[in-house]
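**Student:**
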Amino acid sequence: MFEELSTILSEVEVIVNHRPLTYVEKDPGEPEPLTPAHFLELGYGDSKYPIHFIQLIDATTARESYKKRKTYRTLLLNQLWRRWKEQYLLQLKTVNHFKTPSVHKNLKLNDIVLVEGNVKSKLLWELGIIKEIFIGRDNNVRSCLVKTSKGLFKKPIQLLYPLELE
Numbered sequence: 001m002f003e004e005l006s007t008i009l010s011e012v013e014v015i016v017n018h019r020p021l022t023y024v025e026k027d028p029g030e031p032e033p034l035t036p037a038h039f040l041e042l043g044y045g046d047s048k049y050p051i052h053f054i055q056l057i058d059a060t061t062a063r064e065s066y067k068k069r070k071t072y073r074t075l076l077l078n079q080l081w082r083r084w085k086e087q088y089l090l091q092l093k094t095v096n097h098f099k100t101p102s103v104h105k106n107l108k109l110n111d112i113v114l115v116e117g118n119v120k121s122k123l124l125w126e127l128g129i130i131k132e133i134f135i136g137r138d139n140n141v142r143s144c145l146v147k148t149s150k151g152l153f154k155k156p157i158q159l160l161y162p163l164e165l166e
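Under the UniProt record's numbering, the first residue of the sequence shown carries the number 1, and numbering increases by one thereafter.
(1) So what's residue 142 in DSSP terms, helix, strand or just coil?
(2) On the DSSP bridge assignment, give the partners of residue 134 in chain order.
(3) In whole angstroms, what separates the C-alpha of residue 131 from that of residue 107?
(4) Spatial neighbours of residue 74 within its chain, please: CB distance less than 7 angstroms, with the 5 preceding and 5 following residues excluded, ordered by chain position.
(5) Our contact map puts residue 31 next to residue 127 with C-beta atoms below 8 angstroms; I'd like the distance itself, whole angstroms only.
(6) Return yes when the Cβ of residue 163 is within less than 9 angstroms of the Cβ of residue 109, no when it is not.
(7) Taking 9 angstroms as the cut-off, decide whether the C-beta atoms of residue 16 and residue 33 are in contact.
(8) Tell me residue 153's beta-bridge partners as DSSP assigns them.
(9) Going by beta carbon distance, what residues of the same chain come within less than 8 angstroms of residue 134, once the five residues before and after it are set aside?
(10) Alpha carbon to alpha carbon, what distance is there between residue 149 and residue 78?
(11) Within 10 Å of its beta-carbon, does residue 156 have 16 or more other beta-carbons around it, so buried, or fewer, so exposed?
(12) Could you tell me which of 119, 151 and 8 sits nearest to residue 72, measuring between CA atoms?
(13) In the DSSP output, which residue or residues are listed as bridge partners for residue 7?
(14) How is residue 28 classed by DSSP in three states: helix, strand or coil?
(15) Straight-line CA distance for residue 5 to residue 116?
(16) Give a yes or no on whether the C-beta atoms belonging to residue 124 and residue 22 are separated by under 9 angstroms.
(17) State the Cα-Cα distance for the pair residue 81 and residue 88, rounded to the nearest angstrom.
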């Protein structure tokens with residue numbers, strides 16, 4: 001039971017500590033996400049997982065127990081991802097909306113945003129730079145041309161998430 005809880009908490013730790021807070025530019029025009037993990041790297045070594053998590057995995061020997069726990073852990077993580085998308089990412093939009101009620105009207109060129117992609121893992125979504133803004137007939141922003149490391153894409157504003165510290 002302790003190992004299971006430790007495993008789940010370690011995976012949650014990875015998810016929370018690898019969410020983008022803001023960005024840094026290693027190369028001009030190429031934003032890299034800055035995450036809480038960047039400030040905690042000493043505890044991670046060369047892995048995305050905390051050192052105590054890796055030691056725990058190495059100590060696990062009971063094959064059947066491991067398979068059963070893996071299934072259970074997968075179920076819990078799927079629930080976490082669902083809640084992450086439904087609650088946390090929605091909260092980012094809501095918080096920014098209340099800070100500036102017309103947040104999408106105020107999008108401007110060169111703003112950095114988190115771009116929702118086809119990949120389920122939000123940790124793998126890319127940062128993008130707004131290169132052009134498209135206004136609808138009602139004079140509200142409806143979509144943006146966003147530059148990511150994979151190219152230029154026209155994305156609706158519903159797929160663009162402001163960073164926490166912007």
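Glycine is no exception: its CB is placed at the ideal position from the N, C-alpha and C atoms.
**Tutor:** Looking at the coordinates:
(1) Three-state result, residue 142: strand.
(2) According to DSSP, residue 134 bridges with 143.
(3) When only Cα atoms are considered, residue 131 and residue 107 end up about 10 angstroms apart.
(4) Cβ neighbours of residue 74 beyond the five flanking positions: none.
(5) Distance from residue 31 to residue 127 at the Cβ level is roughly 5 angstroms; contact confirmed, criterion being Cβ atoms closer than 8 angstroms.
(6) Cβ distance not < 9 angstroms, so residue 109 and residue 163 don't count as in contact.
(7) No. Outside cutoff.
(8) In DSSP, residue 153 forms a bridge with 146.
(9) Contacts found: 141, 142, 143, 144, 145 and 154.
(10) CA-to-CA, the gap between residue 78 and residue 149 works out to about 28 angstroms.
(11) In this structure residue 156 is exposed. Its beta-carbon is surrounded by fewer than 16 other beta-carbon atoms within 10 angstroms.
(12) Of the listed residues, the one whose Cα sits closest to residue 72 is 8.
(13) Answer is none; residue 7 lacks a bridge partner.
(14) Three-state result, residue 28: coil.
(15) Their Cα atoms are separated by approximately 30 angstroms.
(16) A distance of 9 angstroms or more separates the beta carbons of residue 124 and residue 22.
(17) Between the alpha carbons of residue 81 and residue 88 lies a gap of roughly 10 angstroms.
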